[in-house]
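In the working numbering, the protein residues as written are 1129 to 1220. Please read the structure below before turning to the comments.
Dropping the structure here:
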């Protein structure tokens, strides 16, 4: 599986679909240090990306990164902080 890794001089994020996080069962564990835009989640490189890689590797999936580095602040920082769509759902 190829994943885009975006970074600026201060931090980095891996771009993955929210549906994949739900499928892996880790969407509720992703922190607000990650970002979101539409169907995409930008996993922060420290804790959230590590959790993702650990989980997907346990499924036998190999990940290849496509690196994209910005010389200035990444536009990812302007996206909304991550919030799970399923974390606060209450069944009637």
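For every residue, glycine included, the Cβ atom is placed at its ideal position computed from N, Cα and C. All values reported here derive from a predicted model rather than from experimental measurement.
Assignment of beta-bridge partners to residue 1164 by DSSP yields 1169, 1208.
Contact between the stretch 1158-1175 and the stretch 1187-1201 is absent, with fewer than three C-beta pairs closer than 8 Å.
DSSP places residue 1176 in the helix class (H, G or I) of the three-state scheme. Residue range 1192-1197 is occupied by the beta strand (DSSP E) that includes residue 1192. CA-CA distance, residue 1203 to residue 1186, rounds to 31 Å. Around residue 1145, the same chain offers 1167, 1168, 1169 as residues with beta carbons nearer than 8 Å, after the five sequence neighbours per side are excluded.
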